[in-house]
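A.B. asks: The sequence shown maps to residues 102 to 423 in this note's numbering.
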Amino acid sequence: MSTKRELSDDELLRKAGEACARQETERLFPADEAWRQFERRHRRKKRYGAWAAVAAVLVLALVYGGYRMAQEPKPVPLFTAATGEQQIWLESASGEREAVTDSLLCLNAPGYRDGTAYRIETPVGKGLRVVLPDSSIVAMNAQSRLTYAAERGQRRVTLSGEAYFEVRRDEAHPFVVETNGVRAQVLGTAFNIRSYAKEQMHITLLSGSLALESEQHKRQIMHPGEDVSFLQDGLLLIRQTEREKPLWTAGYIAFDDVPLYDLMCELGRWYNINVVAQDAEVTRRRIHFKCRRDQSLDRLLEILNALGGFHITRKENTLFIQ
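1. Give the straight-line distance between the Cα atoms of residue 422 and residue 391, rounded to the nearest whole angstrom.
2. Measure the C-alpha to C-alpha separation of residue 184 and residue 376 and round it to an integer number of angstroms.
3. Report yes or no: do three or more beta-carbon pairs, one from the stretch 359-370 and one from the stretch 295-303, lie closer than 8 Å?
4. Decide if residue 126 is buried, meaning its Cβ has at least 16 other Cβ atoms within 10 Å, or exposed.
5. Comparing C-alpha positions only, which one of 409, 327, 306 sits nearest to residue 389?
6. In angstroms with no decimal places, state the Cα-to-Cα distance between residue 231 and residue 338.
7. Tell me residue 327's beta-bridge partners as DSSP assigns them.
8. Could you pull the DSSP bridge partners for residue 419 from this structure?
9. Can you give me the start and stop residues for the beta strand (DSSP E) that residue 348 sits inside?
10. As a quick exercise: from 201, 209, 274, pick the residue whose alpha carbon is nearest that of residue 228.
11. Give the straight-line distance between the Cα atoms of residue 350 and residue 370, rounded to the nearest whole angstrom.
12. Looking only at its own chain, which residues have a Cβ that is under 6 Å from the Cβ of residue 348, when we skip the five neighbours before and after it?
13. At 3 residues or longer, what runs of the beta strand (DSSP E) sit wholly inside the stretch 242-284?
14. Given this structure, state the Cα-to-Cα distance separating residue 188 from residue 420, to the nearest angstrom.
15. Quick one: Cα of residue 253 to Cα of residue 217, how far?
16. Short check: CB of residue 273 to CB of residue 239, under 8 Å?
17. Residue 262 and residue 237 - do their beta-carbons sit closer together than 8 Å?
18. Might you give, ordered along the chain, the residues of its own chain that have their beta carbon closer than 8 Å to the beta carbon of residue 226, omitting 5 neighbours on each side?
19. Sort out for me which residues DSSP pairs residue 191 with in a bridge.
20. Let me know the secondary structure DSSP gives residue 363 once reduced to three states.
21. Taking the C-alpha atoms as reference points, what is the distance between residue 222 and residue 206?
22. Please work out which residues of its chain come closer than 8 Å, Cβ to Cβ, to residue 284, disregarding the five sequence neighbours upstream and downstream, and give them in chain order.
23. Over what stretch of residues does the beta strand (DSSP E) that includes residue 314 continue unbroken?
24. Residue 308: buried (16+ other C-beta within 10 angstroms of its C-beta) or exposed?
25. Helix, strand or coil for residue 184? Go by DSSP, reduced to three states.
26. How many Å lie between residue 194 and residue 219 at the Cα?
27. What first and last residue would you give for the beta strand (DSSP E) that runs through residue 293?
28. Can you round the beta-carbon distance between residue 379 and residue 176 to whole angstroms, since I take them to be within the 8 Å contact cut?
29. What's the gap between the Cα of residue 297 and the Cα of residue 241?
30. Cα separation between residue 266 and residue 251?
31. For residue 417, I'd like the list of residues in its chain whose CB is within less than 6 Å of its CB, leaving aside the five on either flank, ordered along the chain.
32. Between residue 398 and the rest of its own chain, which residues show a CB-CB distance below 8 Å, the 5 nearest in sequence each way excluded?
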């Protein structure tokens, strides 16, 4: 009849060390040296001393393992790819919808001119140039929504996403854009508004003047060559910039001193791909970047990774930032 063999002190300590290794603590906890010291000092002590040491090492392993788990950054999804057919839609005030297949939509043409209100939606990966009923011109970026209505002596627009405006001057009918709680009023001017959810809002004025106001901000007059950023703490950051049409209207992905977060969302939006940050901290890095939109995504990722400080990998339909 066999009897169960008791483990020696050395075997007990070795098993404790293996437990540490499974918790990935050996790189910071010098387990081998601890074993040698324990053997020298406690070789002749009672067996319960070895058991106490095992318990202590196991507790250290578990505690440190829990600390490591608490400290490891959690993945943060930045952008979720859209599913189904990606189509540009135009909706009239009566609720009628039609698909837009061209890159230019003229709402001042016969059949549209008499309409009082329109809503236009662009999907991921597609933009659209629109001539409004008042002959103002709007370039819409991907995944944007714009409504237009001529009412109460005003031309009123609401925007979600990004659009570049060239407004036809009409002093009798001010042009008003509302986006994310901010109201911009103009007579005739050229400006760009970037107002995507969860991204920093920017309004850039190229010519003319803009009057901005919101519940948080008093009336602010913008001058040509100014870019206004709306910060998370409710403050405005005004800086000088080039008085040129935004490069995205010419087919570029271009960012100047913006967080990597915004750039990666733009990639997700244009290439319709999921984006996940393994560590949200790295997405705060400021980026200067310019590349044509007709580049393959893989080539664009090569260019980005050459910047250093972060690394982006692609697995199927998801980008991972580390």
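For each residue, glycine too, the CB sits at the ideal point set by N, CA and C.
C.D. replies: Quick look at the numbers:
1. 19 Å
2. Annotation: residue 184 to residue 376 spans about 15 Å, alpha carbon to alpha carbon.
3. yes
4. Note that residue 126 scores 35 on pLDDT, short of 50, meaning its location in the model is unreliable and no value can be drawn from it.
5. 409
6. 30 Å
7. 341
8. Bridge pairing for residue 419: 375, 416 [DSSP].
9. Neither: residue 348 is in no beta strand (DSSP E) and is coded neither H nor E.
10. 201
11. Distance between the alpha carbons of residue 350 and residue 370 is about 15 Å.
12. 355
13. 245-252, 255-267, 276-280
14. 24 Å
15. 12 Å
16. Not in contact: residue 273 and residue 239 (Cβ atoms no closer than 8 Å).
17. no
18. 187, 243, 370, 371, 372, 373
19. 199, 221
20. It is helical.
21. A direct Cα-to-Cα measurement between residue 222 and residue 206 gives close to 12 Å.
22. 277, 278, 313, 314, 315
23. That run of the beta strand (DSSP E) goes 311-315.
24. exposed
25. coil
26. One C-alpha to the other measures close to 6 Å.
27. 291-296
28. 6 Å
29. 12 Å
30. 16 Å
31. none
32. Close CB contacts of residue 398 within its chain, under the 8 Å cut and outside five residues either way in sequence, are with 368, 372, 374, 415 (chain order).
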